[in-house]
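Undergrad: Input: one structure, supplied below.
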Amino acid sequence: MAPHTLNRRRLLELGGLTGTALALGISAPAEASESGEAAGATFGLGVASGAPRPDGAVLWTRLAPDPLAEDGHGGMPLRPAPVRWEVSRDPEFTRVQRRGNALAQPELAHSVHPRVEGLAPDTQYWYRFRSGQEVSPVGQFRTLPAPGQQTDAFSFGLVSCQAWYHGHFTAHRHLAQEEDLDLVVFVGDYIYEYGITADNLWRQGASVAPAHEVEIETLEQYRLRYSLFKSDAHLQAVHARAAAVAVWDDHEVQNNYAAAVSGKDVSPEDFEHQIAVAYRAFYENMPLDLEALPTGPDADITSGFDVGTLARFSLLDSRQFRDPEPADAQEQNREQRTILGAQQESWLEGRLSQSTATWDVLANGVVLTAVSEDRTDMWDGYPAARRRLMAAMSEVSNPVMLTGDIHKHVAAELKEDFADPSSETIGVELVCTSVASDGDGSETDAHTADWTRHPYVRHYDGRRGYVHVRLTPQEMTSSFWAVPWIEADDTAPKELSARFSTRAGEPGLAPAGEDRA
């Protein structure tokens with residue numbers, strides 16, 4: 001990683017961001033929240049919750065009466081606006097359990113991230129915001145089971161790669177309607193930085209202003225791009241449906257960037273500033289805890305949580321700390337080469353070695369399974385780092401890697417030695433296709449043979465969709481859902497692409513309902 005050349009405090013000062021501003025965006029005294037004027041404030045970008053815990057979660061909204069205002073402020077005046085929030089045991093808010101105040105400020109694009117505490121574990125809650133006389137849509141989340149609590153089941157949705165301009169978010173429409181959904185896991189490319197032009201605007205019926213036609217690189221442009229994507233009603237419905245956690249990949253900043261190295265020859269100093277504003281916009285627009293707020297070009301989205309005794313989740317950053325793509329095969333196979341960075345590797349090894357959960361679920365931005373040596377942007381470009389991770393994963397009984405990035409559904413068995421397909425299977429990888437990136441797609445495509453030639457790759461589908469995963473103490477059921485089209489409209493039905501069963505203590509993928517040979 002290149003050394004940082006910009007003073008971090010100066011980067012914060014350039015945006016007017018202070019410790020006081022941060023604190024008020026999380027919890028403000030009642031007298032501060034009742035002062036000032038919030039005329040015109042609306043909830044045009046919906047609501048969300050995240051960072052779930054046994055006693056609460058982080059709530060999120062961003063005031064935006066005009067979400068696509070080109071200055072990135074969503075139509076809000078450049079002054080603070082008070083926001084009140086409530087959490088209830090019922091959607092009618094007759095049993096309010098917690099309420100509080102926050103201050104939406106222009107320094108953070110009028111977003112707020114109140115942390116709710118003191119709730120009961122393993123319990124469903126509903127929440128809403130108020131600003132002035134306006135009330136937000138109602139969202140819901142479920143607190144995690146208490147530490148050590150035995151849990152019968154936990155379900156989550158897996159999504160990635162939301163190129164809004166390539167098609168409608170039909171996958172989100174179906175995911176939001178899942179009856180069994182405790183969490184949504186976003187595994188990268190929540191936005192895309194490319195300019196939106198007539199050449200790539202495949203979402204029929206949509207149009208954008210000229211401000212969207214350039215590749216984004218400023219804070220205002222990143223804010224506007226999040227606003228465009230988050231204005232989608234189906235994405236808002238997913239966020240309102242259940243708590244969400246997220247890791248990023250590359251397009252939240254720039255295609256194929258590696259740590260502080262640009263993929264497009266941007267100067268180190270300019271690119272460091274671009275990383276800083278991109279990470280800041282990510283925080284502003286996601287239901288993240290305060291620990292994820294960047295300090296200039298540094299951010300910590302690595303986190304983890306336990307679902308009682310059932311599962312341990314570890315959310316990984318596979319972009320910020322990676323070595324650059326290799327210059328040759330010798331560099332690619334260098335033993336010290338890393339994709340997670342030494343500190344994150346050590347943190348993850350500790351979590352795995354200390355885990356007593358039935359399932360250890362990891363989430364990162366790029367595919368772990370060995371596919372081709374020329375795919376150097378994935379773990380294939382970091383074979384020594386992959387060996388270290390696989391060794392750590394082999395120490396737990398039921399490791400699962402969640403991934404996106406490739407715009408294809410892939411179910412794969414993780415082998416002790418990928419060069420020897422008959423070697424022991426130590427876990428599984430569930431790769432979700434894109435929500436919209438690459439348009440309609442098809443079940444088979446030009447890349448099918450490259451993946452399915454490996455016997456440990458058990459499924460491939462190039463259409464759009466999501467994955468629904470249900471964990472119990474006995475098994476993991478992974479359902480790969482696809483939609484046949486997304487470019488024309490959002491009416492496509494969902495189709496079951498594949499469903500697999502992974503029994504606890506027996507790593508591998510068997511078609512659900514069938515016995516493993």
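Quick note on the UniProt record's numbering: the sequence shown kicks off at 1 and runs consecutively.
Cβ coordinates follow ideal geometry from the N, Cα and C atoms, glycine included.
This one's a predicted model, so the numbers in the text were calculated from it and none came from an experiment.
Anyone know if the C-beta pair for E121 and T143 falls short of 8 Å?
TA: It is worth fixing the name first, because residue 121 is Pro in this sequence and not Glu. In this structure, T143 lies closer than 8 Å to P121 by Cβ.
Undergrad: Under the three-state reduction of DSSP, which class applies to D401: helix, strand or coil?
TA: Sequence check: residue 401 is Met here, not Asp. Strand at M401.
Undergrad: Between the Cα of H407 and the Cα atoms of P54, H166, T61, which residue gives the shortest distance?
TA: The shortest C-alpha separation from H407 is found at H166.
Undergrad: Output needed for W359: all residues of its chain with C-beta closer than 7 Å, excluding positions within five of it in sequence on either side, in chain order.
TA: Excluding residues within five positions, the ones whose Cβ falls inside 7 Å are L310, A311, N398, V400, L471, M476.
Undergrad: The beta strand (DSSP E) with Y460 in it runs from where to where?
TA: Per DSSP, Y460 belongs to the beta strand (DSSP E) from 457 to 461.
Undergrad: Return yes when the Cβ of R241 is within less than 8 Å of the Cβ of A181, no when it is not.
TA: Ala is not the amino acid found at residue 181; the sequence shown has Leu there. Yes.
Undergrad: With a threshold of 8 Å on Cβ separation, who are the neighbours of D440 within its own chain once the five nearest residues in sequence on each side are excluded?
TA: Around D440: G167, R463, R464, P484, W485, I486, E487.
Undergrad: Return yes when the Cβ of L63 is within less than 8 Å of the Cβ of W85, no when it is not.
TA: Taking 8 Å as the Cβ cut-off, W85 and L63 do not qualify as a contacting pair.
Undergrad: Mind checking which residues open and close the beta strand (DSSP E) that includes G56?
TA: That run of the beta strand (DSSP E) goes 56 to 62.
Undergrad: Closest by CA to V96, which one among R375, V116, R53, D445?
TA: Taking only the C-alpha atoms, the option nearest V96 is V116.
Undergrad: Could you tell me the alpha carbon to alpha carbon distance between A211 and A436, rounded to whole angstroms?
TA: Roughly 22 Å between the two C-alpha positions.
Undergrad: Can you tell me where the alpha helix (DSSP H) holding H239 begins and where it ends?
TA: From DSSP, the alpha helix (DSSP H) with H239 extends over 233 to 241.
Undergrad: Give a yes or no on contact between the segment 275 to 286 and the segment 217 to 231, applying the rule of three or more CB pairs nearer than 8 Å.
TA: Yes, they touch.
Undergrad: So, is S33 buried or exposed, given that buried needs 16 or more other C-beta atoms within 10 angstroms?
TA: Model confidence at S33 stands at a pLDDT of 42, short of 50, so the residue's coordinates are unreliable; what they give is reported in the following sentence. S33 is buried by the Cβ-count criterion.
Undergrad: Flag D250 as yes when its Cβ comes closer than 7 Å to any non-hydrogen atom of the ligand COA, and as no otherwise.
TA: Because no ligand of any kind appears in the structure shown, any question about the ligand COA cannot be addressed here.
Undergrad: Hey, is the segment 312 to 329 in contact with the segment 341 to 358, meaning 3+ C-beta pairs nearer than 8 Å?
TA: Touching, per the Cβ criterion.
Undergrad: State whether the segment 146 to 165 contacts the segment 422 to 434, with contact taken as three or more CB pairs (one from each stretch) at a distance under 8 Å.
TA: A contact exists between the segment 146 to 165 and the segment 422 to 434.
Undergrad: Using 8 Å as the Cβ pair cut-off and three pairs as the minimum, do the segment 74 to 91 and the segment 173 to 187 touch?
TA: Result no; under three Cβ-Cβ pairs closer than 8 Å.
Undergrad: Can you have a look at G496 and say buried or exposed, based on whether 16 or more other CB atoms are within 10 angstroms of its CB?
TA: It is worth fixing the name first, because residue 496 is Leu in this sequence and not Gly. L496 should be labelled exposed.
Undergrad: Give the DSSP-derived three-state secondary structure of Y125 in the structure shown.
TA: Here Y125 sits in strand by DSSP.
Undergrad: Where do the N-terminal and C-terminal ends of the beta strand (DSSP E) with V277 fall, by residue?
TA: Here V277 belongs to no beta strand (DSSP E); instead the alpha helix (DSSP H) covers 268 to 284.
Undergrad: Rounded to whole angstroms, what is the Cα-Cα separation between E13 and D265?
TA: Unreliable positioning characterises E13 in this predicted model, as indicated by a pLDDT of 44, which lies under 50. A coordinate reading is not provided.
Undergrad: Write down the C-beta distance between A102 and A243 rounded to the nearest angstrom, noting that I regard them as a contact closer than 8 Å.
TA: Not a contact, Cβ separation roughly 18 Å.
Undergrad: Taking the C-alpha atoms as reference points, what is the distance between D438 and N200?
TA: Near 9 Å, if we compare the C-alpha coordinates of N200 and D438.
Undergrad: Give me the Cα-Cα distance between V367 and D417, rounded to the nearest whole angstrom.
TA: Using only the alpha carbons, I get a separation of about 16 Å.
Undergrad: Classify T453: buried if its beta carbon has 16 or more other beta carbons within 10 angstroms, exposed otherwise.
TA: In the sequence under discussion, the amino acid at residue 453 is Arg, which differs from the Thr named in the question. R453 is exposed by the Cβ-count criterion.
Undergrad: Measure from the alpha carbon of T376 to the alpha carbon of each residue in V457, R280, A327, Q354, then state which is nearest.
TA: The shortest C-alpha separation from T376 is found at A327.
Undergrad: Using a Cβ-Cβ cut-off of 8 Å (strictly less than) and excluding sequence neighbours within five positions of A258, which residues of its own chain qualify?
TA: Hits under 8 Å: R319, R322, D323, P324, E325.
Undergrad: How long is the line joining the alpha carbons of S155 and E331, rounded to whole angstroms?
TA: Each residue's alpha carbon lies about 41 Å from the other.
Undergrad: Mind checking whether A504 and Q474 have CB atoms under 8 Å apart?
TA: Going by C-beta atoms, A504 is nearer than 8 Å to Q474.
Undergrad: In whole angstroms, what separates the C-alpha of P65 from that of R280?
TA: Each residue's Cα considered, the two are about 21 Å apart.
Undergrad: Does the separation of the CB atoms of P106 and R79 fall below 8 Å?
TA: Yes. Within cutoff.
Undergrad: Helix, strand or coil: how does DSSP classify L509 here?
TA: L509 falls in the strand class under three-state DSSP.
Undergrad: Rounded C-beta distance between residue 519 and V247? I'm assuming under 8 Å.
TA: Lying before the first or after the last residue shown, residue 519 is absent from the chain, which here runs from 1 to 517.
Undergrad: How is W164 classed by DSSP in three states: helix, strand or coil?
TA: If DSSP states are grouped into helix, strand and coil, W164 belongs with the helices.
Undergrad: Between the C-alpha atoms of D445 and V410, what's the straight-line distance to the nearest angstrom?
TA: Each residue's Cα considered, the two are about 13 Å apart.
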